[in-house]
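To start, the structure under review is shown below, and the notes come after it.
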Amino acid sequence: MPFAPKNTRFGFTLLWTLATVGGFLFSLLLIEVGEKPDIGVVEAAIGGFAIALPQGCLLKEPVFCIRWILSSLLGWSIITAIGIGGVGWIVPSTQILPLRILSGAVYGGLGGLGIGLAQWLAIPQPIAWRWIFVSAASWAVAVPVGSAVGTILHGLTHLFLGEVIGLGMTWLLVGILTGINAHKLRL
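Here the working numbering = 1-based position in the sequence shown + 509.
Structural data, given as structure tokens:
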């Protein structure tokens, strides 16, 4: 693909992170961030598409790109339908920081596991199993950090924008943590 950098880990990770965060920012134009019950399957699928499309453009083969987008849509739709929610677009209803961190780690890990399992369908099999772990671990780390940032900023400013910045931090961390490993998907 024309946008893909040479096989340098740093260059690819940077572009993957920019694609992930840029996709999240674009998704904010299409769907509304809210508390857990507010994000439905359609919104999660739209958001998942907004993120998977720029990520897919960084992958080598067009068929891989299409499979990446479709499997990402499937993953976001399933985890939202089964009640985990659109993890990257929801904020917990509680403002109790330790509870947010714990629930963020649990829901982030489960959501990342679901997304990783779905994206596993698109990845060449010799390296696919690693992606499931990478996705689950990345989300289990990023969601509690982003949630903590969001609740602190919301508490300081009394603006919901603090929560949105926390979600942006979540996507930034997911982009970095998955980007380090997504480099291997191009081999």
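Glycine included, C-beta positions come from ideal geometry on N, C-alpha and C. Just so you know, these numbers come straight off a predicted model, no measurement behind them.
Taking only three categories from DSSP, how would you classify I599?
Under the three-state reduction of DSSP, I599 is assigned to strand.
Nonlocal neighbours in the same chain, by C-beta distance under 8 Å from I587, ignoring five residues either side
Beyond the five residues adjoining it in sequence on each side, I587 comes within less than 8 Å, by CB distance, of G623, A627 in the same chain, given in chain order.
Report the rounded CA-to-CA distance for A528 versus S581, giving the unit in angstroms.
A528 and S581 have their C-alpha atoms some 14 Å from each other.
By Cβ distance below 8 Å, which residues in the same chain neighbour I575 in space, the five residues on each side in sequence not counted?
Excluding sequence neighbours, I575 sits near G565.
Measuring only the C-alpha atoms, how far is P514 from E570?
Because the pLDDT at P514 is just 49, under 50, the model does not fix this residue reliably, and the value given afterwards should be weighed accordingly. Spanning the two alpha carbons is a distance of roughly 14 Å.
By alpha-carbon positions, which one of S602, S647, A590, G675 ends up nearest to N690?
The shortest C-alpha to C-alpha distance from N690 to any of S602, S647, A590, G675 is the one to S647.
Buried versus exposed, by CB contacts within 10 Å (16 or more), V652
That one is buried.
Contacting residues, own chain, Cβ-Cβ under 7 Å from F491 (five flanking each side not counted)
Not covered by the structure: residue 491. The range shown for the chain is 510 to 696.
Quick one: using the 10 Å Cβ neighbour count with 16 as the cut-off for buried, is G684 buried or exposed?
Result: buried.
Please go through the same chain and pick out, in chain order, the residues whose beta-carbon is closer than 8 Å to the beta-carbon of T687, but skip the five residues on each side of it.
So the list reads W525, T529, V643, S644, S647, once near-sequence residues are dropped.
If you run the structure through DSSP and keep just helix, strand and coil, what is K693?
Three-state result, K693: helix.
Contact belief for G617 with I641 at Cβ below 8 Å, rounded distance in angstroms
In this structure G617 does not touch I641 by the C-beta definition: roughly 14 Å separates them, more than the 8 Å allowed.
Cβ-Cβ separation, T522 to H692 (assumed contact under 8 Å), whole Å
At roughly 6 Å, the Cβ-Cβ gap stays under 8 Å, so H692 and T522 are in contact.
In whole angstroms, what is the alpha-carbon distance linking F519 and I591?
Between F519 and I591, the C-alpha separation is close to 36 Å.
Are the CB atoms of G595 and W585 nearer to each other than 8 Å?
By the CB criterion at 8 Å, G595 and W585 fall inside the cutoff.
From this set, P563, G531, L538, L579, which residue's C-alpha is nearest A554's C-alpha?
Residue L579 is the option with its Cα nearest to A554.
Proximity to A561 [Cα-Cα], best of G531, L538, V551, G659
Each of G531, L538, V551, G659 was checked against the Cα of A561, and the nearest Cα belongs to G531.
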